[in-house]
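Residue numbers (this note's numbering): 1368 to 1406.
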């Protein structure tokens, strides 16, 4: 749908932003603080 509407750039920015704002901090917390094997 995004490709057909010409929203490729917008979708790419949203994807990168949500990765750095949501995904990376959650991954760090779960990996280091919750002791899931990351050392």
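Cβ coordinates follow ideal geometry from the N, Cα and C atoms, glycine included.
State the CB to CB distance for the pair residue i and residue j, rounded to an integer number of angstroms; the pair is presumed to be in contact (CB under 8 Å).
i            : j            : result
residue 1403 : residue 1397 : 6 Å
Determine the direct distance from the alpha carbon of residue j to that of residue i, and round the result to whole angstroms.
i            : j            : result
residue 1393 : residue 1371 : 32 Å
residue 1400 : residue 1384 : 23 Å
residue 1379 : residue 1386 : 11 Å
residue 1391 : residue 1382 : 12 Å
residue 1389 : residue 1373 : 25 Å
Can you tell me where the alpha helix (DSSP H) with residue i in it begins and where it stops?
i            : result
residue 1386 : Residue 1386 -> no alpha helix (DSSP H), and no H or E assigned at all.
residue 1391 : 1391-1395
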